[in-house]
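Down below is the structure, laid out as structure tokens.
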Amino acid sequence: MVEQATKMKRLINAIWIFNWFNSCGFTELIPLVGSRWDMERFGMIITGTPRHADVLFIAGYQTLKSIRRAQVIYEQMPDPKAVIALGACTMSGGMYWDSYNTVKRLTDYIPVNIYIPGCPPRPEAVFEACMKIFHHVGAVPPHGKKFAKAHKG
Amino acid sequence: MAESLHKESKVIEDISAKFKIAGKVQRERRVWVTIDKDNLIMLCNFAKGLGFEHLSAISVTDWPEEGTFELTYHLWSYSERILLTIKTKIDRANPVADSVVPVWQENAQIHERELHELFGVEFEGNKDLTPLFLEDWNGPPPFQKDFDWKEYVRQQCYDQANERERAYYD
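Chains as they are written, first to last, in the working numbering: chain A, 66 to 218; chain B, 2 to 171.
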């Protein structure tokens, strides 16, 4: 397992990200793409298809309709994969906590690895979350194995 | 002013000559008419013949005290540049209306589908009234005024015994 982790760390120099953004969640990540914070210098690359993605970014409040599409996207991503939830609305419904058609607990619908709180989260917080992925890449299970099994072994 | 509203008055004249209903010129380019629901489709066909070929929107207003839903059809005429608003009332306990899909085709379909989901209005003749936004929804139509959505959310999504969620009940 240690050998596996070393191998993975050597191999991975970038993480490819698929964005699933509702409402204002999209605008919160826009500064990262621009030249001021420039996420690509840390090896965070946005891809257009979930088939190529390592990480799923979920932002904005999720509705009953959109969460199903997020689940499909998650299923389409190859292992190993991670899910990062950005912002208050994504995690708990935020200011829409009493709405009848928003998702109140994201973990009921999709396995989340990292939560980034804030409304919106600072770009630095997003970078830190991605650095954690780089550091813990050895703990991400190899193909076909579930998280729980990998931690035991 | 009166002269400038000539084309608006003409629309009302045409309609009232055929349907014996009174209309109202709200202001420039805005005309309202009210009709009973049995003659709605006939009026819609007639209005389309007058040039109101674009159905901008359909809306429902809920009047719980009165026991009615008020259907409002907003029609736009490209040639006359007038927004014609047709209003009709249906029974709230038995919310059934004739579909205007035969008149404006697919343009009307999505509006009726949405209103069926949000208000529970049955549009007879519309073939696809499946839920549009609310998938897996078991509750009542959420836009009805007597639907207490805050209470619904508390019951469905939160647990008062949970210390972290107790604040939602204050």
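The beta-carbon is built from N, C-alpha and C at its ideal position, and this holds for glycine as well.
Fair warning: this is a prediction, and the values are worked out from it, not measured in the lab.
Spatial neighbours of residue i in its chain, beta-carbon cut-off 6 Å, leaving aside the 5 residues before and after
| i | result |
| --- | --- |
| B/K90 | T69, E71 |
| A/A194 | I149, I179, I181 |
| B/W105 | L56 |
| B/R93 | G68, T69, F70 |
| B/A109 | L56, V101, V102 |
| A/H117 | W81 |
| B/T35 | K88 |
DSSP bridge partner residues for residue i (one or two, in chain order)
| i | result |
| --- | --- |
| A/Y174 | DSSP output for A/Y174 lists no bridge partner at all. |
| B/D92 | B/T69 |
| A/N84 | A/F122 |
| B/F124 | B/A98 |
| A/I179 | A/I149 |
| B/K25 | B/W33 |
| B/D39 | DSSP output for B/D39 lists no bridge partner at all. |
| B/V61 | B/L72 |
| B/H55 | B/W77 |
| A/I110 | A/W81 |
| B/T86 | B/W33, B/H75 |
| A/G167 | It should be noted that the sequence gives Thr, not Gly, for residue 167 of chain A. Its beta-bridge partners are A/T128. |
Chain-order list of residues whose beta-carbon lies under 8 Å from that of residue i (same chain, five-residue window excluded)
| i | result |
| --- | --- |
| B/A48 | I16, L76, L85, I87 |
| B/R114 | N127, D129, L130, T131, L133 |
| A/S88 | G125, Y126, C154 |
| B/E123 | P96, V97, A98, H117, L130 |
| A/Y161 | Y126, C154, T167 |
| B/I111 | L133 |
| A/I138 | F83, W85, P115, L121 |
| B/V32 | E9, V12, I13, G24, K25, V26, I83, L84, L85, T86 |
| B/E125 | V97, A98, D99, S100 |
| B/G52 | S78, Y79, S80, E81 |
| B/G121 | P96, P141, P142, Q145 |
| B/R30 | E9, R82, I83, L84 |
| A/T128 | N87, N166, T167, V168 |
| B/V61 | F70, E71, L72, T73, L116, L119, F120, V122, F144 |
| A/M196 | F107 |
DSSP three-state assignment for residue i, whether helix, strand or coil
| i | result |
| --- | --- |
| B/N108 | helix |
| A/V148 | strand |
| A/R116 | helix |
| A/T155 | helix |
| A/M142 | coil |
| B/Y74 | strand |
| B/T131 | coil |
| B/L119 | helix |
| B/L6 | coil |
| B/K146 | coil |
| A/H200 | helix |
| B/E136 | coil |
| B/A162 | coil |
| B/P141 | coil |
| B/D15 | helix |
| A/P185 | coil |
| B/C45 | helix |
| B/R167 | helix |
| A/C195 | helix |
| A/R101 | coil |
Interface residues of chain A facing residue i [CB-CB closer than 9 Å]
| i | result |
| --- | --- |
| B/L135 | T128, L129, K130, Y165, N166 |
| B/G121 | Ordered by position in chain A, no residue passes the 9 Å Cβ test against B/G121, which lies about 15 Å from the chain. |
| B/V61 | None at all; the shortest Cβ gap to chain A is about 18 Å. |
| B/Y169 | W162, D163 |
Chain A residues whose Cβ lies nearer than 8 Å to that of residue i
| i | result |
| --- | --- |
| B/K151 | D163 |
| B/P143 | Y165, N166 |
| B/G126 | The contacting residues do not exist; B/G126 stays about 26 Å from chain A at best. |
| B/G140 | Y165 |
| B/V102 | Result: empty, since nearest Cβ-Cβ is about 23 Å, beyond 8 Å. |
| B/V12 | Ordered by position in chain A, no residue passes the 8 Å Cβ test against B/V12, which lies about 39 Å from the chain. |
| B/V34 | The contacting residues do not exist; B/V34 stays about 35 Å from chain A at best. |
Chain B contact residues for residue i, given Cβ-Cβ distances below 8 Å
| i | result |
| --- | --- |
| A/R133 | E136 |
Residues of its chain near residue i, where Cβ-Cβ distance is below 7 Å and the 5 sequence neighbours each way are ignored
| i | result |
| --- | --- |
| B/L119 | P142, P143, F144 |
| A/L97 | M104, P188, V191 |
| B/N163 | none |
| B/N40 | F20 |
| B/A58 | H75, H112 |
| A/P176 | V148 |
| B/Q161 | R167, Y170 |
| A/Q141 | P115, R116 |
Neighbouring residues, chain B, relative to residue i (Cβ below 7 Å)
| i | result |
| --- | --- |
| A/K169 | C158 |
Contact with chain C by residue i, beta-carbon distance below 8 Å
| i | result |
| --- | --- |
| B/T86 | Absent here is chain C; the protein component of the structure consists of chains A and B. |
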